[in-house]
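Enquirer: Numbers 1 to 329, taken from the working numbering, label the letters of the sequence shown in order. If you scroll down you'll find the structure; I have some questions about it.
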Amino acid sequence: MEQTIAVLGAGTMGHGIAQLLAQSGSRVYLYDPSEEALERAMQKIRSNVAVIRSERWGDCPSEDQVLDRIVCTPDPVEAVAGASIVIEAAPEKLELKRELYRLIERGIRADAIVASNTSSYVPEQLVEGMTFAHRFVVAHFFNPAHLVPLVEIVLHPQTSRQTAEPLIRLLKTCGKSPVVLSANVAGFIANRLQAALLREAVHLLESGVASAREIDLAVTEGPGLRWALSGPLATADYGGLDVWERVSDRLFPELDTRTEASESIRRLVRGQRLGVKSGGGFFEYPDGEANGATHGLPDGVQDAVEQRDRKLIRLMMVKNDTRTGGGAQ
1 MEQTIAVLGA GTMGHGIAQL LAQSGSRVYL YDPSEEALER AMQKIRSNVA VIRSERWGDC
61 PSEDQVLDRI VCTPDPVEAV AGASIVIEAA PEKLELKREL YRLIERGIRA DAIVASNTSS
121 YVPEQLVEGM TFAHRFVVAH FFNPAHLVPL VEIVLHPQTS RQTAEPLIRL LKTCGKSPVV
181 LSANVAGFIA NRLQAALLRE AVHLLESGVA SAREIDLAVT EGPGLRWALS GPLATADYGG
241 LDVWERVSDR LFPELDTRTE ASESIRRLVR GQRLGVKSGG GFFEYPDGEA NGATHGLPDG
301 VQDAVEQRDR KLIRLMMVKN DTRTGGGAQ
């Protein structure tokens, strides 16, 4: 039986989540207050599916088949009315998310699971006082949501693992790798690890140790390749914990310990150098827009994003062919 899912928000993450679910056979109601955002989302989904099919990754339906399973609506109550699972992917603003929950609270099914794609708010903050708190989880996808397998799951204190199981099963059916946290912690798992690496990378850049390109190259041509097959703990096992004991004792006192964003990042932000979407950040993206690409990416940047996605698909195809479970190869 076809499952009906609601996705609230058609932006960067929402359209990817909607695509993922539709590809896997679900009926998806995609809500956004902006008709323009909905139109743009459908265009991106069509393009994304075309890339996947051209790479022959999995048994992906045609563009028309995927789009036919998605119903766009500017009405949040219509979106959630028949949904067994509701996934909120609104911008990362607490009051905006809470207002959206208030709008749908009376319209959701009594047994519906409600999930938020938040990357920073804990469940208690999001649904304080809401009647569906006992059916609420954080389901943190990673960009691009239709490709990256990881989804971090954080249960509301009133939500049991059993209650969340239909969502976890759905994610596995879609090819995702859900990781259920045993405790709430700011930033969850992946963003804490990414933040730690970024902090040290910026410190090395500011210290003049190497250029931005060389620092990135040191990751992509070294640890990054290993991390695609085994995480930091398994990598330590393979290297020898006695070795890492000595490395830790020697290096930990030398690592950056700042407790706020670096001046390098603040200076770039003040200068509106926000990365790909503005045309420049640590690196240059000459086809970007100086004021930020709020209405979709320029052609040149979109081409770069597509090439990144193709490489990611190919990497995952190789990874799935070679991995045997457990640690590294």
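In this text, a Cβ means the ideal position worked out from N, Cα and C, and glycines have one as well.
Taking the alpha-carbon positions, what's the Val180 to Leu155 distance?
Expert: Taking the sequence shown and counting its residues from 1, one reaches residue 180 at position 180. Taking the sequence shown and counting its residues from 1, one reaches residue 155 at position 155. Roughly 8 Å separates the two Cα atoms.
Enquirer: Can you grab the Cα-Cα spacing for the pair Arg109 / Gly82, in whole Å?
Expert: As a first step, residue 109 is located in the sequence shown; it is residue number 109 there, counting from the start. As a first step, residue 82 is located in the sequence shown; it is residue number 82 there, counting from the start. C-alpha separation (whole angstroms): 7 Å.
Enquirer: Counting only runs that start and end within the stretch 202-259, where is the alpha helix (DSSP H) found for 4 or more residues in a row?
Expert: Here the runs fully enclosed are 212-220, 223-227, 232-239, 241-251.
Enquirer: Between the alpha carbons of Arg273 and Ser34, how many angstroms are there, rounded?
Expert: Along the sequence shown, one-based indexing puts residue 273 at 273. Along the sequence shown, one-based indexing puts residue 34 at 34. Using only the alpha carbons, I get a separation of about 27 Å.
Enquirer: Output yes or no for whether 8 Å exceeds the beta carbon distance between Val127 and Phe136.
Expert: Here residue 127 refers to the residue found at position 127 of the sequence shown. Here residue 136 refers to the residue found at position 136 of the sequence shown. The answer is yes: Cβ separation under 8 Å.
Enquirer: Evaluate contact between the stretch 114-126 and the stretch 85-100, counting only Cβ atoms and requiring at least three cross-stretch pairs below 8 Å.
Expert: Touching, yes.
Enquirer: Return yes when the Cβ of Ser116 is within less than 8 Å of the Cβ of Asn191, no when it is not.
Expert: By one-based count along the sequence shown, residue 191 stands at place 191. By one-based count along the sequence shown, residue 116 stands at place 116. Result no, Cβ atoms of Asn191 and Ser116 do not sit closer than 8 Å.
Enquirer: Which residue spans inside the stretch 68-133 form an unbroken beta strand (DSSP E) run of at least 3?
Expert: Listed in chain order, they are 70-73, 85-88, 113-116.
Enquirer: For Ile313, name the three-state secondary structure that DSSP assigns.
Expert: Translated into positions along the sequence shown, residue 313 becomes position 313. Ile313: helix per DSSP, three-state reduction.
Enquirer: What first and last residue would you give for the alpha helix (DSSP H) that runs through Thr163?
Expert: Translated into positions along the sequence shown, residue 163 becomes position 163. It spans 161-173 - the alpha helix (DSSP H) in which Thr163 sits, taken as one unbroken run.
Enquirer: Does the beta-carbon of Ala195 have 16 or more other beta-carbons within 10 angstroms, so that it is buried, or is it exposed?
Expert: By 1-based counting over the sequence shown, the position of residue 195 is 195. It counts as exposed.
Enquirer: Can you tell which of Ser26, Gly58, Arg69 has its C-alpha closest to the C-alpha of Arg46?
Expert: In the sequence shown, residue 46 corresponds to position 46, counting from 1. Comparing Cα-Cα distances from Arg46 to each of Ser26, Gly58, Arg69, the minimum goes to Arg69.
Enquirer: Which residues bound the alpha helix (DSSP H) around Ile265?
Expert: By one-based count along the sequence shown, residue 265 stands at place 265. From DSSP, the alpha helix (DSSP H) with Ile265 extends over 263-270.
Enquirer: Would you kindly report the start and end of the unbroken beta strand (DSSP E) that includes Ser177?
Expert: Residue mapping note: residue 177 aligns to position 177 of the sequence shown, counting from 1. 177-180 is the extent of the beta strand (DSSP E) around Ser177.
Enquirer: I need the straight-line Cα distance from Ala236 to Phe132, nearest angstrom please.
Expert: For this step, residue 236 is matched to residue 236 along the sequence shown. For this step, residue 132 is matched to residue 132 along the sequence shown. Each residue's Cα considered, the two are about 42 Å apart.
Enquirer: Look at the alpha carbon of Ile153 and the alpha carbon of Ser84, and state the distance between them as a whole number of angstroms.
Expert: Here residue 153 refers to the residue found at position 153 of the sequence shown. Here residue 84 refers to the residue found at position 84 of the sequence shown. Each residue's alpha carbon lies about 18 Å from the other.
Enquirer: Could you say if the stretch 198-209 and the stretch 236-246 meet the contact criterion of at least three C-beta pairs nearer than 8 Å?
Expert: Touching, no.
Enquirer: What number of angstroms, rounded off, separates the C-alpha of Ser54 from the C-alpha of Gln19?
Expert: As a working mapping, residue 54 is identified with position 54 in the sequence shown. As a working mapping, residue 19 is identified with position 19 in the sequence shown. When rounded, the distance between both Cα atoms is 16 Å.
Enquirer: Between the C-alpha atoms of Leu21 and Arg27, what's the straight-line distance to the nearest angstrom?
Expert: Locating residue 21 in the sequence shown gives position 21, counting from the first residue. Locating residue 27 in the sequence shown gives position 27, counting from the first residue. Taking the straight line joining both Cα atoms gives about 8 Å.
Enquirer: Mapping the DSSP letters down to three states, classify Arg40 as helix, strand or coil.
Expert: Taking the first residue of the sequence shown as position 1, residue 40 is located at position 40. Reduced to three states, the DSSP call for Arg40 is helix.
Enquirer: With a threshold of 7 Å on Cβ separation, who are the neighbours of Leu167 within its own chain once the five nearest residues in sequence on each side are excluded?
Expert: As a working mapping, residue 167 is identified with position 167 in the sequence shown. Hits under 7 Å: Ile85, Ile113, Ala115, Val137, Ala139.
Enquirer: For Ala22, report the span of its alpha helix (DSSP H) as first-last.
Expert: For the purposes of this step, residue 22 is taken as residue 22 along the sequence shown, with counting starting at 1. Where Ala22 is concerned, the enclosing alpha helix (DSSP H) stretches over 12-23.
Enquirer: Count the other CB atoms, across all protein chains shown, that sit within 10 Å of the CB of Asp32; report buried if there are 16 or more and exposed otherwise.
Expert: By 1-based counting over the sequence shown, the position of residue 32 is 32. Asp32 comes out buried.
Enquirer: Could you give the distance in angstroms between the alpha-carbon of Ile17 and the alpha-carbon of Val7?
Expert: The residue you call residue 17 lines up with position 17 of the sequence shown. The residue you call residue 7 lines up with position 7 of the sequence shown. The straight-line gap from Cα to Cα measures roughly 7 Å.
Enquirer: Tell me where the beta strand (DSSP E) around Leu155 begins and ends.
Expert: Working through the sequence shown from its first residue, we reach residue 155 at position 155. It spans 150-155 - the beta strand (DSSP E) in which Leu155 sits, taken as one unbroken run.
Enquirer: Is the Cβ-Cβ distance between Leu30 and Cys72 less than 8 Å?
Expert: As a working mapping, residue 30 is identified with position 30 in the sequence shown. As a working mapping, residue 72 is identified with position 72 in the sequence shown. Yes, these two residues count as a Cβ contact at 8 Å.
Enquirer: Tell me where the beta strand (DSSP E) around Arg27 begins and ends.
Expert: Reading the sequence shown from its first residue, position 27 is the one you call residue 27. First-last of the beta strand (DSSP E) with Arg27: 27-31.
Enquirer: Our contact map puts Tyr285 next to Val269 with C-beta atoms below 8 Å; I'd like the distance itself, whole angstroms only.
Expert: In the sequence shown, counting from the first residue as 1, residue 285 sits at position 285. In the sequence shown, counting from the first residue as 1, residue 269 sits at position 269. Actually they do not touch by this definition, with Cβ atoms about 16 Å apart.
Enquirer: Taking only three categories from DSSP, how would you classify Ala139?
Expert: Here residue 139 corresponds to residue number 139 of the sequence shown, with the count starting at 1. Correct three-state label for Ala139: strand.
Enquirer: What number of angstroms, rounded off, separates the C-alpha of Arg161 from the C-alpha of Val77?
Expert: Counting from 1 along the sequence shown, the entry for residue 161 is found at position 161. Counting from 1 along the sequence shown, the entry for residue 77 is found at position 77. So the two alpha carbons sit approximately 27 Å from each other.
Enquirer: Hey, could you find the ends of the beta strand (DSSP E) Ile189 is sitting in?
Expert: Within the sequence shown, residue 189 is the residue found at index 189, counting from 1. Ile189 -> no beta strand (DSSP E), and no H or E assigned at all.
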